[in-house]
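Residue numbers (the working numbering): 9 to 284.
Structure below.
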């Protein structure tokens, strides 16, 4: 936890069993519940939506920007209602969302911001790591991720009171931090989503390689973009001007099927796979 907080430039880190429970813990501690609405992009992994429903809240879909694959910040305000509680931007594929606009809207409407950075380790917005730009940031260390340990997750935050509550919730509601001085037994509703020590040991080793691997991913992505951008019908993704580094968990692009004899997506992918 200490090492990951230092690596990401956050004050505190809480390790969890997975990214899903990191998100669920964050929403619970921040008070998202029955009757609330959470603004979220539809282009994401299902866990992002699941945790909103599990919190008793309702996900409100905000259109994705097809050029960046991220939540379209210009579409957020039209979806805000009296029930809106939080914005849950997803740095999908390891590409940063437009956090300047998202945070400005959140401040204007008094909304919480919980970053789903489960694919965005080391990605940066204006030199600051994704996952440290909102009220809380959540990460996944599942085995397919850039920083894997089989299963695992983390929450980053700078507010000691909020992080103490996260720690309490993820450990059966046992008191933690300031509440340890005044309470005994169980301080709040909680569950068990603690990371095992052997997973943490794997992550400590993996973190030593993450910076170099992230540099390599960015170099490879730049090269790939330079080679495919002039192919008719292929449209590489775009990064917002505020992106100083992406994580490139995956490399996204769009294709126009009319340039490829109108073949469906499945056949287009099969052709790519056949070419290696």
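Here a beta-carbon is modelled for each residue, glycine too, at the ideal position from N, C-alpha and C.
| task | Find out if the Cβ-Cβ distance for the pair residue 37, residue 66 is shorter than 9 Å. | result | no
| So what does residue 244 bridge to, in DSSP terms? | 261
| Beta-carbon proximity of residue 257 to residue 101, cut-off 9 Å | yes
| task | Report yes or no: do the segment 223-240 and the segment 108-127 share at least 3 C-beta pairs separated by less than 8 Å? | result | By the criterion of at least three beta-carbon pairs nearer than 8 Å, the segment 223-240 is not in contact with the segment 108-127.
| request: Using the Cα positions of residue 245 and residue 80, report the straight-line distance between them to the nearest angstrom. | output: 14 Å
| query | Helix, strand or coil: which one does DSSP assign to residue 253? | reply | strand
| query | Who pairs with residue 20 in a beta bridge, going by DSSP? | reply | 165
| Could you give the C-beta distance for residue 11 and residue 212, rounded to a whole number, given that I count them as a contact under 8 Å? | 6 Å
| task | Pull up the distance between the alpha-carbon of residue 104 and that of residue 247, whole angstroms please. | result | 8 Å
| task | Have a look at 281, 156 and 76 and flag the residue whose alpha-carbon is nearest the alpha-carbon of residue 214. | result | 156
| said: Please return the same chain residues whose Cβ sits closer than 7 Å to the Cβ of residue 77, not counting the five positions on each side in sequence. | reply: Hits under 7 Å: 51, 100, 101, 103, 245 and 260.
| field | At least 3 beta-carbon pairs within less than 8 Å: the segment 158-170 vs the segment 21-41 | value | yes
| query | residue 123 to residue 141, Cα distance in whole Å? | reply | Roughly 8 Å separates the two Cα atoms.
| task | Mind checking which residues open and close the beta strand (DSSP E) that includes residue 123? | result | 120-124
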